[in-house]
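Chains as they are written, first to last, in this note's numbering: chain R, 1 to 281; chain G, 1001 to 1283; chain Y, 2001 to 2370. For each residue, glycine too, the CB sits at the ideal point set by N, CA and C. Data first, discussion second: the structure below is written as structure tokens.
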Amino acid sequence: MPEVTQEKVLVVKNLTKQFGEGCEKCRKNPEVLIRNYCPHCQTIYATREVSFDLYRGEILGIVGESGSGKSTLVRTLYFDQEASAGEAFLNDYGEGRADILKVSSQQKRYLRDYLLGMVYQNPFLGLKMKFSALSNVAEKLIAAGGRHVGTMTQRAHDLLDVVTIEDYRRKDAPENFSGGMQQRVQIAKALSNNPPVLFLDEVTTGLDLSVQANVLDLIKEIQRDLGISMVIVSHDLGVIRMLADRTLVMLDGRVIETGLTDQILEDPQHPYTQKLVQSLL
Amino acid sequence: MKNAYNFAFFDEGSKKEIRRATLKAVAIPGYQVPFASREMPIARGWGTGGLQVTLSLINQGDVIKVIDQGTDESVNAVSIKNLIQKTTGVDSTIDTGKATVVQSRHRIPEEPLREEQIIVLQVPMPEPLRFVESSEYKTKRLHGDGEYSGAWLVLFEKIMKFGKMTGGAAHPVYVHDRYVMSPSPIPKYDNPRLDHSEGIQLFGAGREKKIYAIPPYTKVVSLAFDDYPFEVENQEGRVCHLCGATDVFFDELEDELTHEVYYQCNDSSYCLKRLNQGGGDNA
Amino acid sequence: MAYVAVKGGQEAIGESLKRLEYERLKKGRTIETRAIESGLQGLIDQVMSEASLYDEALAALAIKQAQGNPEEVVFLLRAFRSTLPRKYYSRTVESHEMALTRRISASFKDIPGGQILGASPDYSHRLIDFDLKREEADPFIPKRWLKAYLKEIEENEVWETPLKYPKVMDYLRREGLMATYEADETEPEDVTKEALKFPSKRSQRLQILTRGQTGAVTALGYASLRGYGSVHPTVGELRVGELPITIDPPFSEETGEEEAYYIGSIRVTEVESIIPRAVKTPSGDYEEELDLGYGICYGQNETKAIAMSILDRCLEEPGEAPTHDEEFVLYHVDSVEATGFISHLKLPHYVTFQSKLDSVRKTKKGGETQ
């Protein structure tokens, strides 16, 4: 297992994503909210002032029920959605001092192409279904300025080896693949530029149990071999237990508990976490 | 209800608007400038974009040449030329060297353009990213961000599938290291002519309502990978059966009786010029 | 002797045009534009609407020239329209000023003023009337019919004055059932003078739809109604009638209704569809509200106007179906654009084809990656 260092690769501060303008009432007094929803102005606070650090080489788990804001959190950090407030810093970008949420759309593309990876629950979001698996993996390399077909193809083959896509299927389009295979191609694609930070959003949800286990093993293996820092989002505490070193528990857009995964499993503090852990046992 | 049309068909207000778009296009090489394309007496898709550009900039002293598929005598070229002449009274020529404005579909003439010349190319599909992104709203943003991996990916996928950078005409180009542009469906053979051309190259897409341009002496590079360089159509070993030219784009013809394949310059007026200058076996 | 260019193309075009003229004339009779104006009102209405040029005499001439082929007629009119400078802009036309000849509501049995069926084939049986042949033999048949009809009107004291009525929608609005909007007084963007950009404005959408090809607008409106869209309309009011057009006096500072010149009137079909829509209330519940879909076009083109009202609403609301995708709808309903691009496939493509051929040959020769 690679050493988890004290070096922070990603720092997130007070990240908020809201749908709606907010009003006098909910801005001044969050108590009026029903869960994360303002009954006066219909604003939904998907994430509320979420802060965390991601250390080099670690897997950070984010667990919570659907609607808790965990997917919104990673999608905001991958710029699929625009953050409403807050800051985020990448150690490998602008000497760790540039707020990546506020840079231009060109710079955001750069960050996505060079420094971040994302695996979505729905492979349709992450893959071009009609392009070959090889092209899909190469897409990020191309976006990052790759202009040598041989080099890019080699890299794509290497990664498809890692995720065990058979040679003879690699020129086929993922639309003809099974769900588990599509997910593996997505992982290969996300890894193509060797990103320092990888986001995984409910990657095993919807897969058969045996396929789930394969994909989880694969993620574990990649983390071990490549030492990529990962943020893995799941509603399934089992997945988090298997993968994450540290865990954030989210509820109604807020982080309600954070700590080492083992610690949270053994001694959950918040009533919601307690319920969650109980259901796992 | 006889109606005397204005010089060059349009009212002056319309011409000014098209010229403004054209000037903007020249100022931002390779950028597609939207314009309020007018309906023309010829059909959308038959060269209305080129025709609007031509009519907006033509003047009494101009000499026009119109070609389609490389030839002045193609019916559509004749029809467009007739319309331009009918509404302006300007002279026409088939000699590329003598024309001040050349309107063309699918070809750039063999004879290189000079500084004072303008070529207007008719464009059916101006958007090089349309095959990877069907929404105009999104492609406009991709251009803004200089995000062209979609165009590269299409080429890459072809190499994966066919082992070669296949694809026919309209091979995309980088203009002035900034915008990726569709050169209209000219054969790849003509792509190198776009680079550092002495003449102004204007592109008009009537139905899609876009005008774009390559000003003189602009760097234009065809998209290609380091290890899969850009290749033009194979013209090797071909000789024009009329004028004997070897370094041109050819039409492929078949002898009706012997079924033997033979070749002829696609640019018919260039061929004619060579013949009259004494080139060619039959001269 | 010098080589000269072959003049095949020029000659071919000349002969083809002669042939076209021959086809128009060969049966020995031509149709008078007056006959078109009095007998082909339906076609005139359709082409004026698609051409977005209101001129019945010009439309009739174009119909004659294009031998009645609507796509060609619209093409001629649009090309002519391109050459017309814009000298004046009319004052805003208020559609409740319409002098009605027909007005129906599908949503209410009784509307103040009543339903006015007017002239409509809706309740005719579509049986071919072989008797019409007889009126050609005896011109007194139609004359006799007309005389009898006019007498009947006179005896029943049915006044032929144009009728003005408030709109059905206004009753619903007063009751607070309709979504209400502030009148939007911003200058509409003229799609013929400025290129369409996305996201589009409603003024642009309405212009493109009203200029749309009747069949295309109908087909997409139908698709939405049938299942590829989430809009389920009721025709609140369909009106056919004349709208007065006025302009402010040119070269004068004085403007306003009093000073305006009346320059003529246009006959239009206007449809206001009522479309229910779920809206979130401040308490977070949903309640149903009625919203409006608007359709209007030159002449009596009722199906098109209704379809337009559906598409107007579709484009106001997000939805998965293509009828809610503004680029999909707005880029594909124009007659001149669609027919032009489809027909351009008739043009020679041998240079591009040669290029494709070269590419196919290269792959056939083999050469796999790696």
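Hey, could you find the ends of the beta strand (DSSP E) residue i is sitting in?
| i | result |
| --- | --- |
| D1068/G | V1063 to D1068 |
| A46/R | I44 to Y55 |
| K1210/G | K1210 to I1214 |
| G1199/G | Looking at the DSSP string, G1199/G is not in any beta strand (DSSP E), and its letter there is neither H nor E. |
| P2244/Y | T2234 to I2247 |
| F1250/G | F1250 to E1254 |
| T247/R | R246 to L251 |
| L2347/Y | First-last for L2347/Y: undefined, no H or E at that position. |
Less than 6 Å between C-beta atoms, sequence neighbours within five positions excluded: which residues of the same chain meet that for residue i?
| i | result |
| --- | --- |
| D99/R | E87 |
| L2315/Y | R2205 and E2326 |
| A1021/G | V1033, F1035 and I1211 |
| S2224/Y | V2231, I2310, C2314 and T2323 |
| A188/R | V137, L159, L160 and V163 |
| K1219/G | H1176 |
For residue i and residue j, which I take to be in contact (beta-carbon distance under 8 Å), what is that distance rounded to the nearest angstrom?
| i | j | result |
| --- | --- | --- |
| V1033/G | I1058/G | Contact flag wrong, Cβ pair sits at about 19 Å. |
| E2270/Y | R2239/Y | 5 Å |
| A1169/G | H1106/G | 7 Å |
| Y2294/Y | V2268/Y | Their Cβ separation, rounded to whole angstroms, is 12 Å, which puts Y2294/Y and V2268/Y out of contact at 8 Å. |
| Q2213/Y | D2334/Y | 7 Å |
| M250/R | S68/R | 4 Å |
| T2216/Y | H2332/Y | At residue 2216/Y the sequence reads Ala, which differs from the Thr that was named. Between H2332/Y and A2216/Y the Cβ distance is about 7 Å, and since that is below 8 Å, they are a contact. |
| A133/R | R170/R | 5 Å |
| G2221/Y | A2307/Y | 3 Å |
| A173/R | F131/R | 6 Å |
| S2355/Y | P1187/G | 4 Å |
Assuming residue i is part of the alpha helix (DSSP H), what are its boundary residues?
| i | result |
| --- | --- |
| P268/R | No alpha helix (DSSP H) contains P268/R, which DSSP labels as neither H nor E. |
| A955/G | With chain G represented from 1001 up to 1283, any question about residue 955/G goes unanswered, as that position is not in the structure. |
| G1045/G | Note, G1045/G: premise wrong, no alpha helix (DSSP H); not H, not E. |
| R169/R | Here R169/R belongs to no alpha helix (DSSP H), and DSSP marks it neither H nor E. |
| A2062/Y | E2056 to Q2065 |
| S2120/Y | No alpha helix (DSSP H) holds S2120/Y; DSSP gives it neither H nor E. |
| N1276/G | S1268 to N1276 |
| N14/R | Here N14/R belongs to no alpha helix (DSSP H); instead the beta strand (DSSP E) covers K8 to F19. |
| G2042/Y | Q2041 to A2051 |
| V2217/Y | T2214 to R2226 |
| A1151/G | S1149 to F1162 |
Given this structure, state the Cα-to-Cα distance separating residue i from residue j, to the nearest angstrom.
| i | j | result |
| --- | --- | --- |
| A2099/Y | Y120/R | 59 Å |
| S1079/G | T153/R | 49 Å |
| N193/R | D262/R | 32 Å |
| I2245/Y | G2340/Y | 32 Å |
| D2138/Y | F2130/Y | 14 Å |
| E175/R | M129/R | 5 Å |
| D201/R | A2195/Y | 41 Å |
| L280/R | N136/R | 37 Å |
| L341/R | G22/R | Residue 341/R lies beyond the range of chain R shown here (1 to 281); nothing can be said about it. |
| A2012/Y | S1269/G | 19 Å |
| Q6/R | V12/R | 16 Å |
| G1167/G | L141/R | 22 Å |
| K2109/Y | S2309/Y | 21 Å |
| Y958/G | I2275/Y | Since the first and last residues shown for chain G are 1001 and 1283, residue 958/G lies out of range. |
| N296/R | L116/R | As shown, chain R starts at 1 and ends at 281. That puts residue 296/R outside it, with no answer to give. |
| K1086/G | A1008/G | 8 Å |
| P1109/G | V1053/G | 19 Å |
| F1225/G | R147/R | 5 Å |
| D53/R | T204/R | 24 Å |
Beta-carbon within less than 8 Å of residue i's beta-carbon, same chain only, minus the 5 sequence neighbours each way: which residues are those?
| i | result |
| --- | --- |
| L1051/G | M1040, I1042, I1080, L1083, I1084, Q1103, Q1122, G1204 and G1206 |
| G20/R | C38, C41, Q42, T43 and I44 |
| P1172/G | P1128, A1151, V1180, M1181, S1182, P1183, S1222 and L1223 |
| R1019/G | S1056 and L1057 |
Can you list, in chain order, the residues of its chain with a C-beta nearer than 7 Å to that of residue i? Leave out the 5 residues immediately preceding and following it.
| i | result |
| --- | --- |
| I59/R | Q223, M230, I232, L243, A244 and D245 |
| K2064/Y | I2031, T2033 and I2036 |
| A2060/Y | T2033, I2036, E2037 and I2044 |
Worksheet item: At what residue ranges does the segment 1051-1125 of chain G contain a whole run of the alpha helix (DSSP H), taking only runs of 4 or more?
Response: 1075-1088
Worksheet entry | Ranges of the alpha helix (DSSP H) found wholly within the segment 2264-2325 of chain Y, counting only runs of at least 4 | 2302-2316
Fill in: Ranges of the beta strand (DSSP E) found wholly within the segment 134-167 of chain R, counting only runs of at least 3
none
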